[in-house]
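Trainee: My questions will all concern the structure given below.
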Amino acid sequence: MEVVLCDDEHEVARLAADAVEALVRARPAAVLGVATGSTPLGLYRELARRHAAGLRFDEVSAFLLDEYVGLPPRHPQSYREVVRRELAAPVGLADERLHGPDGTAADLPAECARYEAVLAAAGGIDLQVVGIGANGHVAFNEPSSSLGSRTRIKTLTPRTRADNARFFASPEEVPRHVLTQGLATVLEARHVVLLALGVAKAGAVAAAVEGPLSARCPASVLQLHPHVTVLVDPGAAASLQDADHYRQVWRDKPHWQGL
Ligand code: GLP
5 MEVVLCDDEH
15 EVARLAADAV
25 EALVRARPAA
35 VLGVATGSTP
45 LGLYRELARR
55 HAAGLRFDEV
65 SAFLLDEYVG
75 LPPRHPQSYR
85 EVVRRELAAP
95 VGLADERLHG
105 PDGTAADLPA
115 ECARYEAVLA
125 AAGGIDLQVV
135 GIGANGHVAF
145 NEPSSSLGSR
155 TRIKTLTPRT
165 RADNARFFAS
175 PEEVPRHVLT
185 QGLATVLEAR
195 HVVLLALGVA
205 KAGAVAAAVE
215 GPLSARCPAS
225 VLQLHPHVTV
235 LVDPGAAASL
245 QDADHYRQVW
255 RDKPHWQGL
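See below:
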C-alpha cells in the first residue's frame with residue numbers, strides 16, 4: 005500500500021482527481037468504481053471543475069460499490085441517485101454508463117449475480133474509489149464479512165445505520181439491508197484508491213493499513229492488493245504508527261511515477 009499523508013481534505017481530493025484524470029486521459033473508455041458517503045464529495049467536485057475545464061468523460065463508465073435494498077428508484081438517498089447527482093451529471097457521464105446493483109429487484113440474489121456479470125463484461129474496474137466506515141467497512145462489507153465475498157445481500161450493523169441516519173429524515177428510514185460488492189469483487193479492481201478524512205476514521209485506517217489481516221476490519225483485505233493508494237488527511241492519519249516512513253517514501257518517490 006502507498007500511504008500518502010495529505011495536508012488537508014483539499015489535497016486528498018486533488019491527488020485522487022489527479023489519478024482519475026491520468027487514467028481518463030490515457031484511457032478515454034476507462035471503467036471507474038465509485039463510492040458514496042461524504043468523503044469522496046471533494047473528489048467529485050474537483051472532477052466537475054476539471055470537466056468544466058475540458059476533461060471529458062463521454063466514454064467512461066462508472067460502477068457503484070453498493071446500494072440500499074428497497075428504496076424507490078429515484079429516492080434521493082439511493083446510491084445510484086447520489087452518484088448521478090454528485091458525479092455523473094456534473095461530469096457529463098450518461099445515465100446508461102452508470103451501473104449499480106438494483107435494490108428494488110424482485111430476485112435479489114439473481115440481481116447480485118447479474119451485477120457481477122455486467123462488471124466482468126465491462127472488463128473489470130480500472131480505478132476503484134473507496135471510503136472506509138468507522139468500523140473498517142468497505143462498501144457495505146461489515147466486520148465479519150468473508151474476505152472472499154462477492155456481490156450479495158448484507159444486513160447493516162446498528163452503528164452503520166446510525167452513521168448513515170444523517171442522510172435520512174429519521175433513523176428508522178435507513179434501510180436494514182443492502183446489496184454490496186464483496187471484498188473479493190473489490191480486490192479485482194486494478195487500482196484501489198482509499199480516501200479517509202477526519203479523526204473518527206483514524207482507528208479504522210490504522211487497522212486497515214497496519215493491523216492484522218482480519219475480517220474484523222474488512223478494509224484490511226486491501227493489504228492483499230498489489231496497487232492500493234491510501235490518501236488521508238491529518239485526522240485520519242492520527243493513529244498510524246509508521247507515519248514517518250510513509251512521509252519519507254512519498255518524499256523520495258521517483259517523480260515519473262504516478263499514484
Ligand atoms: C457508507 C458507504 C461506504 C462509505 C462509508 C463511509 O456506509 N457504503 O462506501 O465508505 O459509508 O462514509 P463517509 O465517507 O460518509 O464517512
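Here the numbering used here is used: the first residue of the sequence shown is 5, the next is one more, and so on. All residues carry an ideal CB built from backbone N, CA and C; glycine is no exception. Just so you know, these numbers come straight off a predicted model, no measurement behind them.
Kindly give me the distance between the Cβ atoms of Leu19 and Leu263, rounded to whole angstroms, as I take these residues to be in contact under 8 Å.
Mentor: Indeed, because the Cβ distance is near 7 Å, the residues count as touching under 8 Å.
Trainee: Where Val182 and Gln227 are concerned, what is the direct C-alpha to C-alpha distance, given to the nearest angstrom?
Mentor: If you take the alpha carbons of Val182 and Gln227, they lie about 25 Å apart.
Trainee: Are three or more beta carbon pairs between the region 46-54 and the region 73-80 nearer than 8 Å?
Mentor: No, the region 46-54 does not touch the region 73-80.
Trainee: Roughly how many angstroms lie between the CA atoms of Thr155 and Ala223, to the nearest whole one?
Mentor: Cα-Cα distance, rounded: 16 Å.
Trainee: Reducing DSSP to helix, strand and coil, say where Asn145 ends up.
Mentor: Reduced to three states, the DSSP call for Asn145 is strand.
Trainee: For Ala114, count neighbouring Cβ atoms within 10 angstroms of its own Cβ and tell me buried if that reaches 16, exposed if not.
Mentor: Counting Cβ neighbours within 10 Å, Ala114 comes out exposed, since fewer than 16 surround it.
Trainee: Is the beta carbon of Thr40 within less than 7 Å of some heavy atom of the ligand GLP?
Mentor: Yes, the ligand GLP has a heavy atom inside 7 Å of this Cβ.
Trainee: Would Asp130 pass as a contact of Arg53 if the rule is Cβ separation under 8 Å?
Mentor: In this structure, Arg53 does not lie closer than 8 Å to Asp130 by Cβ.
Trainee: The ligand GLP heavy atoms versus the CB of Val134: any closer than 7 Å?
Mentor: It does: the Cβ of Val134 is within 7 Å (strictly closer) of some heavy atom of the ligand GLP.
Trainee: Using the three-state DSSP reduction, which class does Ser224 fall into: helix, strand or coil?
Mentor: DSSP places Ser224 in helix when its eight states are reduced to three.
Trainee: What does a CB cutoff of less than 6 Å around Asp291 pick up in its chain, not counting 5 residues either side in sequence?
Mentor: Coverage of the chain is limited to positions 5 through 263, which leaves residue 291 absent and any answer about it impossible.
Trainee: Please report how far the alpha carbon of Leu198 lies from the alpha carbon of Asp111, in whole angstroms.
Mentor: Distance between the alpha carbons of Leu198 and Asp111 is about 31 Å.
Trainee: Rounding to the nearest angstrom, what Cα-Cα distance links Gly104 and Ala98 in this structure?
Mentor: Distance between the alpha carbons of Gly104 and Ala98: 14 Å.
Trainee: Considering Cα atoms alone, identify which of Asp248, Tyr119, Val95 is closest to Ala56.
Mentor: It is Val95.
Trainee: When the Cα of Gln185 is compared with those of Ser42, Val142, Pro175, which residue comes out closest?
Mentor: Nearest C-alpha to Gln185: Val142.
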